[in-house]
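Novice: For reference, the structure I am asking about is given below.
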Amino acid sequence: MKLHCFAGMLLGLVLGSSGCITESSSTAMDRLPTPKTRNVLPAPQSAPINDLAILKSIRPIDTNGNGYPNRFDVSVYLFARPYPVPRFANGTLVFSLYPPATYDSREGFGAEPIAQWRFEQDRLLRARFKNVVGQGYALSLDLNELGISSLQYNSADLVTTFEPANGTVLVHSDAVQTIPYVP
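For the sequence shown, the positions run 414 to 596 when the working numbering is used.
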């Protein structure tokens with residue numbers, strides 16, 4: 414960008430006004446290159462699921478009006494790394510809630526779960542969706558479905574596991590998700 418203030422001031426003196434004249438120009442060097450699009454294929458069905466990602470609602474909600482939060486929604490994406498696109502797979506998703514700070518994600522042990530939800534293949538088929546991230550599953554985890562009306566803790570730790578239908582290695586979430594359960 415070039416600024417011609419001196420020329421603008423001289424012209425302003427002659428015409429009886431003041432100001433600068435601004436001129437802009439750009440070259441190919443000023444613009445970012447346009448990214449090249451590429452088609453990324455999903456993992457073949459023969460590639461085993463070896464990773465998963467979870468997106469969850471921020472806080473559980475109280476759906477029955479008893480003053481205690483009972484339900485929260487999750488989206489789960491299954492990956493066959495090194496493929497970057499999630500895909501559907503045959504198996505079962507298991508969600509386990511543990512008392513706070515009792516589950517060690519590196520060692521895989523902890524206290525008994527407070528609650529556990531199992532979504533078998535038939536239920537996962539109904540929970541399928543596809544969005545900008547890719548193929549995934551949208552599920553609701555509701556304590557009321559398990560006969561639990563409240564928790565004695567202000568939070569609980571969620572651990573997610575995918576059990577492949579073909580019996581290969583279980584896939585655990587890398588991180589423990591903390592769920593706040595404050596009325």
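Here a beta-carbon is modelled for each residue, glycine too, at the ideal position from N, C-alpha and C.
Since the structure is predicted, the reported quantities are computational estimates derived from the model, not experimental observations.
For the beta strand (DSSP E) that arginine 541 lies in, which residues bound it at each end?
Specialist: Locating residue 541 in the sequence shown gives position 128, counting from the first residue. Start and end: 541–543.
Novice: So for leucine 638, helix, strand or coil by DSSP?
Specialist: Within the shown structure, residues of the chain are numbered from 414 to 596, placing residue 638 beyond reach of any answer.
Novice: Looking at the structure shown, is aspartate 475 part of a helix, part of a strand, or coil, going by DSSP?
Specialist: Working through the sequence shown from its first residue, we reach residue 475 at position 62. Aspartate 475: coil per DSSP, three-state reduction.
Novice: By the three-class DSSP mapping on this structure, what secondary structure does leucine 426 have?
Specialist: As a working mapping, residue 426 is identified with position 13 in the sequence shown. Low local confidence applies: a pLDDT of 47 at leucine 426 is under 50, so the model's placement there is unreliable, and no value is given.
Novice: How is leucine 506 classed by DSSP in three states: helix, strand or coil?
Specialist: Here residue 506 refers to the residue found at position 93 when the sequence shown is read from its first residue. The answer is strand: DSSP assigns leucine 506 an E or B state.
Novice: DSSP puts serine 553 in a beta bridge; with which residues?
Specialist: Your numbering for residue 553 matches position 140 in the sequence shown. DSSP output for serine 553 lists Asp486 as bridge partner(s).
Novice: Considering only the alpha carbon of each residue, which of Asp587, Asn557, His585, Thr581 lies closest to proline 473?
Specialist: Sequence index remark: in the sequence shown, residue 473 carries index 60 (1-based). Comparing Cα-Cα distances from proline 473 to each of Asp587, Asn557, His585, Thr581, the minimum goes to Asn557.
Novice: Given that a residue counts as buried once 16 or more other Cβ atoms are within 10 Å of its Cβ, and exposed if not, what is asparagine 483?
Specialist: The residue you call residue 483 lines up with position 70 of the sequence shown. So asparagine 483 counts as buried.
Novice: Cutting at 7 Å between CB atoms, please list the residues of its own chain near leucine 426, excluding the five before and the five after it.
Specialist: In the sequence shown, residue 426 corresponds to position 13, counting from 1. No answer about leucine 426 holds up, because its pLDDT of 47 lies below 50 and its placement is not dependable.
Novice: Reducing DSSP to helix, strand and coil, say where glutamate 533 ends up.
Specialist: Translated into positions along the sequence shown, residue 533 becomes position 120. Three-state DSSP puts glutamate 533 in coil, outside helix and strand.
Novice: Can you give me the Cβ contacts of alanine 456 inside the same chain, cut-off strictly under 8 Å, excluding the 5 residues immediately before and after it?
Specialist: Indexing the sequence shown from 1 puts residue 456 at position 43. Within the same chain, alanine 456 has close Cβ partners Phe492, Ala493, Tyr496, Val498, Arg500.
Novice: Measure the C-alpha to C-alpha separation of valine 589 and asparagine 503 and round it to an integer number of angstroms.
Specialist: Counted from its first residue, the sequence shown places residue 589 at position 176. Counted from its first residue, the sequence shown places residue 503 at position 90. If I take the Cα positions, the gap works out to 24 Å.
Novice: Between proline 513 and serine 568, is the Cβ-Cβ spacing less than 7 Å?
Specialist: Counting from one through the sequence shown, the residue named residue 513 turns up at place 100. Counting from one through the sequence shown, the residue named residue 568 turns up at place 155. Yes. Within cutoff.
Novice: In three-state terms, what does DSSP make of glutamate 525?
Specialist: As a working mapping, residue 525 is identified with position 112 in the sequence shown. Reduced to three states, the DSSP call for glutamate 525 is coil.
Novice: If glutamine 562 and tyrosine 481 are in contact, beta carbons under 8 Å, what's the gap, nearest whole angstrom?
Specialist: In the sequence shown, counting from the first residue as 1, residue 562 sits at position 149. In the sequence shown, counting from the first residue as 1, residue 481 sits at position 68. In the sequence under discussion, the amino acid at residue 562 is serine, which differs from the glutamine named in the question. Going by Cβ atoms, the distance from serine 562 to tyrosine 481 rounds to 7 Å, so yes, they are a contact pair.
Novice: Cutting at 8 Å between CB atoms, please list the residues of its own chain near lysine 543, excluding the five before and the five after it.
Specialist: As a first step, residue 543 must be located in the sequence shown, where it is residue number 130. Only Gly549 meet the Cβ criterion.
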